[in-house]
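Engineer: In the working numbering, the protein residues as written are 12 to 378.
No residue lacks a Cβ here, since even glycine has one placed at the ideal position from N, Cα and C.
The model shown is predicted, which means the values in this text are computed figures rather than measured ones.
1. Hey, could you find the ends of the alpha helix (DSSP H) residue 341 is sitting in?
2. Would you say the region 299–319 touches the region 268–279, given that touching needs at least three Cβ pairs under 8 Å?
3. On the three-pair Cβ rule with 8 Å, is the region 150–159 touching the region 326–346?
4. Measure from the alpha carbon of residue 138 to the alpha carbon of each residue in 161, 239 and 232, then state which is nearest.
5. So, residue 207 versus residue 261, is the Cβ gap smaller than 8 Å?
6. Taking 7 Å as the cut-off, is the C-beta of residue 202 nearer than that to any heavy atom in the ligand ADP?
7. Tell me, please, whether the region 276–292 touches the region 243–261 by the rule of three or more beta-carbon pairs shorter than 8 Å.
8. Kindly indicate which three-state DSSP category residue 161 falls into: helix, strand or coil?
9. My understanding is that residue 5 touches residue 252, with C-beta atoms under 8 Å, so please give their C-beta distance in whole angstroms.
10. With which residues is residue 171 paired in a DSSP beta bridge?
11. Which residue's Cα is closest to the Cα of residue 343: 310, 315 and 368?
12. Count Cβ pairs between the region 174–183 and the region 193–209 that sit closer than 8 Å; are there 3 or more?
13. Span of the alpha helix (DSSP H) holding residue 260?
14. Between which residues of its own chain and residue 377 is the CB-CB distance below 8 Å, once the five residues before and five after are set aside?
15. Using 10 angstroms around the beta-carbon of residue 369, count the other beta-carbons present and answer buried if the total reaches 16, otherwise exposed.
16. What did DSSP end up calling residue 290 once you bin it into helix, strand or coil?
17. Should residue 185 go down as buried or exposed, given a rule of 16 or more other Cβ atoms within 10 Å for buried?
18. Apply the 10 Å Cβ neighbour rule to residue 150 and answer buried if 16 or more other Cβ atoms are within range, or exposed otherwise.
19. For residue 213, count neighbouring Cβ atoms within 10 angstroms of its own Cβ and tell me buried if that reaches 16, exposed if not.
20. Based on DSSP bridge pairs, tell me the residues matched to residue 321.
21. Going by beta-carbon coordinates alone, are residue 354 and residue 291 separated by less than 8 Å?
22. Cβ atoms of residue 199 and residue 231: under 8 Å apart, would you say?
23. In the structure shown, what three-state DSSP assignment does residue 140 receive?
24. Would you tell me roughly how many angstroms separate the C-alpha atoms of residue 298 and residue 277, rounded to the nearest one?
25. Please report the straight-line C-alpha distance between residue 357 and residue 125, rounded to a whole angstrom.
26. Exposed or buried, what is residue 147 when buried is set at 16 or more other beta-carbons lying within 10 Å of its beta-carbon?
27. Just grab the DSSP bridge partners of residue 276 for me.
28. State the DSSP-derived secondary structure class of residue 230, mapped to helix, strand or coil.
29. In this structure, how does DSSP classify residue 329 when only helix, strand and coil are distinguished?
30. If you draw a straight line from the alpha carbon of residue 340 to that of residue 308, how long is it in whole angstroms?
31. Measuring alpha carbon to alpha carbon, tell me which of 145, 188 and 143 ends up nearest residue 128.
32. Could you spell out the range, first to last residue, of the alpha helix (DSSP H) harbouring residue 372?
33. Just grab the DSSP bridge partners of residue 201 for me.
34. Name the two residues that bound the continuous beta strand (DSSP E) containing residue 149.
35. Excluding five sequence neighbours on each side, which residues of the same chain lie with their C-beta closer than 6 Å to the C-beta of residue 254?
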């Protein structure tokens, strides 16, 4: 996704939830915070840096070597590259990753035990079979921490927005991962960023199309997970899914549609109801209902959920959605370990970059 939000490049549809004023949003946030404060929902505010989005370069690709991608040390035949430099330019205050006094969010809890990374991780690209008849493979960009070969680590599946690519979102988080795993005291885990773009449907919603074209959900669930985890398939407790914008919707939707696969999910500036400009669901009300996280909150029972929303969001598709979804999760009274944060910033991949340390620490609490 470029600097503009997913919904800003077209007129908002009438079914999108609108707010009459910013005051109403502030009131909703405040009321929600008061209501859920006693249930362990953590709300914190941090400062973030911003820079103009730069388009990502083409991915290096290599056929899999036959070894387990999630336990390979990265020393094999796969191509590698270093992470992108930190964005230039800034807004707000430095030090947004440092826990603040009184913070009850994920930074207050220590990481699980695990092997310590000895240096920066490597990023490789796997060619994974597609679930589409018109496309042989789709790339999956995989980050592997610098840990001993054979170490079986938890896996996070990271979903990009639209327009977007796996390379771009991986570049947004690679430096955060290296710092967290080498000097930040966090136990390392694998991060795999699959490809969510479509050929027949530009805006795939990380779903399977009603017309059988762009079967992105099937690609991720049936092909990507086995390709990444290889001979050491993870349990749901050792597997999470996160995403930005359309990917935030996809992460919530996939985690609730496949509750046996993912123990944790994270939505970064996402939304939780159907927005289908490319007709993935073919206006089929049954398919739309089956892909509406707002109406599937009971399937989040026993899961850990982190919702982050950018405070400067102006798109009615996304603005205030995290607060409303947090309210629904709270009201379902179904044992969700819920963390909701309203963060300063706007809708761009820079928001992902400067929120991701919070994501790493949160996930490590559950892995």
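Structural biologist: According to the data block:
1. What you label residue 341 is simply residue 330 of the chain shown in a count that begins at 1. Start and end: 332–342.
2. yes
3. no
4. Translated into positions along the chain shown, residue 138 becomes position 127. With distances taken between Cα atoms, residue 138 lies closest to 239.
5. What you label residue 207 is simply residue 196 of the chain shown in a count that begins at 1. What you label residue 261 is simply residue 250 of the chain shown in a count that begins at 1. Cβ distance < 8 Å, so residue 207 and residue 261 count as in contact.
6. Of ligands this structure carries none, so the ligand ADP is not represented either.
7. yes
8. Residue numbering aside, residue 161 sits at position 150 when the chain shown is read from its first letter. Correct three-state label for residue 161: coil.
9. No answer is possible for residue 5: it lies beyond the span of the chain, which begins at 12 and ends at 378.
10. Translated into positions along the chain shown, residue 171 becomes position 160. Answer is none; residue 171 lacks a bridge partner.
11. Stepping through the chain shown from its first residue, residue 343 is reached at position 332. Measuring from the Cα of residue 343, the nearest candidate turns out to be 310.
12. yes
13. Along the chain shown, read from residue 1 onward, the residue named residue 260 stands at position 249. Where residue 260 is concerned, the enclosing alpha helix (DSSP H) stretches over 257–268.
14. Within the chain shown, the letter at position 366 stands for residue 377. Excluding sequence neighbours, residue 377 sits near 248, 251, 274, 275, 315 and 348.
15. Taking the first residue of the chain shown as 1, we reach residue 369 at position 358. Under this definition residue 369 is a buried residue.
16. Within the chain shown, the letter at position 279 stands for residue 290. Residue 290 falls in the coil class under three-state DSSP.
17. Here residue 185 corresponds to residue number 174 of the chain shown, with the count starting at 1. Buried is the call here.
18. In the chain shown, the residue the question calls residue 150 occupies position 139. By the 10 Å Cβ count, residue 150 comes out buried.
19. Taking the chain shown and counting its residues from 1, the one referred to as residue 213 is at position 202. Exposed is the call here.
20. Against the chain shown, residue 321 aligns to sequence position 310. The secondary-structure analysis by DSSP pairs residue 321 across a beta bridge with 354.
21. Your numbering for residue 354 matches position 343 in the chain shown. Your numbering for residue 291 matches position 280 in the chain shown. Contact flag unset, no.
22. On the chain shown, residue 231 is found 220 positions in, with the first residue counted as 1. On the chain shown, residue 199 is found 188 positions in, with the first residue counted as 1. No, these two residues do not count as a Cβ contact at 8 Å.
23. Stepping through the chain shown from its first residue, residue 140 is reached at position 129. Of the three classes helix, strand and coil, the one that applies to residue 140 here is strand, per DSSP.
24. By one-based count along the chain shown, residue 298 stands at place 287. By one-based count along the chain shown, residue 277 stands at place 266. Each residue's alpha carbon lies about 23 Å from the other.
25. For this step, residue 357 is matched to residue 346 along the chain shown. For this step, residue 125 is matched to residue 114 along the chain shown. Answer to the nearest angstrom: the Cα atoms are 34 Å apart.
26. By 1-based counting over the chain shown, the position of residue 147 is 136. Exposed: under 16 other Cβ atoms inside 10 Å.
27. Within the chain shown, the letter at position 265 stands for residue 276. Residue 276 is bridged to 252 and 316.
28. In the chain shown, counting from the first residue as 1, residue 230 sits at position 219. Three-state DSSP puts residue 230 in a helix.
29. The residue you call residue 329 lines up with position 318 of the chain shown. It is coil, neither helix nor strand.
30. Reading the chain shown from its first residue, position 329 is the one you call residue 340. Reading the chain shown from its first residue, position 297 is the one you call residue 308. So the alpha carbons of these two residues sit roughly 6 Å apart.
31. In the chain shown, counting from the first residue as 1, residue 128 sits at position 117. That would be 188, whose Cα lies nearest to the Cα of residue 128.
32. As a working note, residue 372 is residue 361 in the chain shown. First-last of the alpha helix (DSSP H) with residue 372: 367–377.
33. Within the chain shown, the letter at position 190 stands for residue 201. 166, per the DSSP bridge assignment.
34. The count along the chain shown starts at 1 and reaches residue 149 at position 138. 148–155 is the extent of the beta strand (DSSP E) around residue 149.
35. As a first step, residue 254 is located in the chain shown; it is residue number 243 there, counting from the start. If you ignore the 5 residues before and after residue 254, its C-beta comes within less than 6 Å of the C-beta of 170, 261 and 262, all in its own chain and listed in chain order.
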